[in-house]
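Residues 1 to 345 (UniProt numbering) are what the sequence shown spells out, left to right.
Every residue gets a Cβ at the ideal spot worked out from N, C-alpha and C, and that includes glycine.
Written out below as structure tokens is the structure these notes cover.
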Amino acid sequence: MLTSTVADLPDDVEVVSAWLHERGHTDGLPVVPPTRERVERMLTGTTRDPASSLGPVPPTNGAATVEKLAVNAVLAGCRPEYLPVLLTAFELMLEPGFQLAGMQPTTNPLTPLLIVNGPIRERIGLNSSTGVMGPGWQANATIGRAVRLALINLGGARPGEVDKCTQGFVGKYTLCVGENEEDSPWPSLPADRGFTADQDVVTVVGVNAAINIHDSSADWKDVVHTLCGALPSIGTPNVVDPFSTPVLALNPLHARILAEGGFDKPGLREHLLANTTLPPDALSNRRALLRRGEGEENYLVNGRIPLTNDPANLLVVVTGGMGGGHSCFLPAGHYGQARSAEITP
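Structure below.
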């Protein structure tokens with residue numbers, strides 16, 4: 001039996017969207033009316049008890065029940081088969097180490113990135129190839145959107161109220177990708193983290209907007225040179241918060257070129273961290289004070305500022321299409337660590 005409050009409204013997108021928008025329950029875009037029938041149909045995508053709660057969503061601490069998350073999945077336009085991805089991702093985001101309580105009200109343009117691996121990508125039509133971070137795929141678009149709607153509706157993260165993000169960025173609408181395992185020369189991200197190839201896995205990590213990295217060379221020396229020049233920046237949050245997990249999203253062509261040059265992922269991470277450090281005096285006085293307030297001596301490497309304090313914290317993901325020589329870097333923006341788990345129905 002469903003327990004959510006029911007409003008007496010017509011099953012009309014314009015009417016329901018306007019009513020919910022006035023009450024701060026949308027992301028500004030039209031929503032699918034969450035009728036009882038649609039929510040019940042959404043719940044067929046999971047074997048979990050609709051009344052069971054994954055925990056309170058900070059900072060306003062609304063209960064993330066399976067039913068409430070299903071309601072937000074309907075609002076976002078999800079299909080029932082997407083629901084297990086949303087539920088598992090929320091379980092991970094509510095773990096203390098993810099530090100969602102810090103992400104929700106920050107001025108930093110942070111958002112959860114969902115990375116999906118395993119056979120489930122094909123089963124639900126989740127894109128991992130060309131245009132992976134862009135429009136055109138229902139699963140990618142609506143799973144990520146359901147995350148944002150639930151953060152608003154259950155955690156209170158309404159822009160200008162709880163969510164104090166100075167400028168925001170479009171990834172806060174939705175950011176969900178598949179890893180392109182088929183075109184990658186390396187083991188997958190979950191394999192790096194102890195999972196097997198037949199497992200369906202979702203990884204969540206807090207990131208800033210993607211920085212495009214373009215190099216159309218076929219020479220691995222050129223590609224790695226460009227990566228080493230593109231990753232370090234005195235303005236990215238991980239310069240002062242180096243305990244978090246930035247993401248290097250390589251297109252499959254760049255990954256293959258690097259693999260042909262002799263790099264595996266551990267070797268690439270080591271090389272990048274050794275060649276992307278910054279001198280402490282590169283920072284403005286204010287940012288230097290932020291670092292010292294966190295105990296700068298604890299994470300300088302040979303007297304220099306690292307991209308992150310541990311090579312394993314740099315997540316290397318192969319995603320997107322083969323053409324054009326474009327990869328991207330998504331800086332980390334808070335102390336929370338990436339989390340991965342097998343997707344469970």
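Residue pairing by DSSP places Gly62 opposite Val57 in a beta bridge. The beta carbons of Trp137 and Leu126 sit about 7 Å from each other, so the pair counts as a contact at 8 Å. As summarised for the segment 113 to 183, the continuous beta strand (DSSP E) elements at least 3 residues long and confined to that stretch are 176 to 178, given in chain order. In the three-state reduction of the DSSP assignment, Ile213 falls in the strand class, which pools E and B. DSSP, read as helix, strand or coil, puts Ile257 in helix. Nearest in C-alpha terms to Gly160, of all of Thr106, Gly336, Glu91, His271, is Thr106. The Cβ-Cβ distance between Glu179 and Ser128 falls below 8 Å. Rounded to the nearest angstrom, the gap between the Cα atoms of Ala332 and Asp8 is 43 Å. Rounded to whole angstroms, the separation of the alpha carbons of Thr65 and Pro59 is 16 Å. Remark: C-beta atoms of Leu250 and Val316 approach each other more closely than 8 Å. Between Ile343 and Thr111, the C-beta gap is not smaller than 8 Å, which leaves the two residues out of contact. Taking 8 Å as the cut-off, the Cβ atoms of Ile213 and Phe329 count as close. Listed in chain order, the beta strand (DSSP E) runs fully inside the segment 227 to 283 are 247 to 250, counting runs of at least 3 residues. Pro10 and Trp19 have their C-alpha atoms some 11 Å from each other. Counted as a single uninterrupted DSSP element, the alpha helix (DSSP H) harbouring Gly102 occupies residues 100 to 103. Secondary structure of Leu307 (DSSP, three-state): coil. When the five nearest sequence neighbours on each side are left out, the beta carbons in the same chain lying within less than 8 Å of the beta carbon of Thr308 are those of Asn238, Pro242, Phe243, Ser244, Thr245, Pro246, Leu273, Leu314, Ala332, in order along the chain.
No residue range can be given for Thr35, since it is assigned to no alpha helix (DSSP H) and is classified by DSSP as neither H nor E. The C-beta of Thr276 has 16 or more other C-beta atoms within 10 Å across all chains shown, which makes the residue buried. In its own chain, leaving out the 5 sequence neighbours on each side, no residue places its CB closer than 7 Å to the CB of His225.
Of the other Cβ atoms in all chains shown, 16 or more fall within 10 Å of the Cβ of Pro84; this residue is therefore buried.
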